[in-house]
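Q: Before we start, here is the structure in question, set down as structure tokens.
Right, dumping it as structure tokens:
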């Protein structure tokens, strides 16, 4: 199921420049069940990270769940490099 362009644009606008408070977070969920069943990863957050990810992966977003606590984006794995690539080699 494809998410409407208007819905993605709304999420991008809503979360753009959103700083959040001390307990704000962004959570990446990459589990085997989602990989095998729907070939997706999920990201939940309540800060500008959601806006940036939605903008960057807009063509791969499968579903959006948005409420008062934050927003969850389900994204096709085509747009996902893997959790290992979130970290740099530190010398």
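Residue numbers (the working numbering): 970 to 1060.
In this text, a Cβ means the ideal position worked out from N, Cα and C, and glycines have one as well.
Quick caveat, the model's predicted, so the values are computed rather than measured.
#1: Any idea which residues DSSP pairs residue 972 with across the strands?
#2: Is the CB-CB distance between residue 1009 and residue 1046 below 8 angstroms?
#3: Of all Cβ atoms in chain C, is any one closer than 8 angstroms to the Cβ of residue 1014?
#4: Residue 989 and residue 1015 look like a contact to me (Cβ under 8 angstroms); what is the Cβ gap, rounded to whole Å?
#5: State the Cα-Cα distance for the pair residue 1021 and residue 972, rounded to the nearest angstrom.
#6: In terms of residues, what are the limits of the beta strand (DSSP E) holding residue 1006?
#7: So which of 1056, 1059, 1042, 1051 has the shortest CA-CA distance to residue 1023?
A: This is what the structure gives:
#1: Looking at the DSSP assignment, residue 972 forms no beta bridge with any residue, so it has no partner.
#2: yes
#3: Among the chains of the structure shown, chain C does not appear; only one protein chain is present.
#4: 5 angstroms
#5: 17 angstroms
#6: Careful: residue 1006 lies outside any beta strand (DSSP E), inside the alpha helix (DSSP H) at 1001-1006.
#7: 1042
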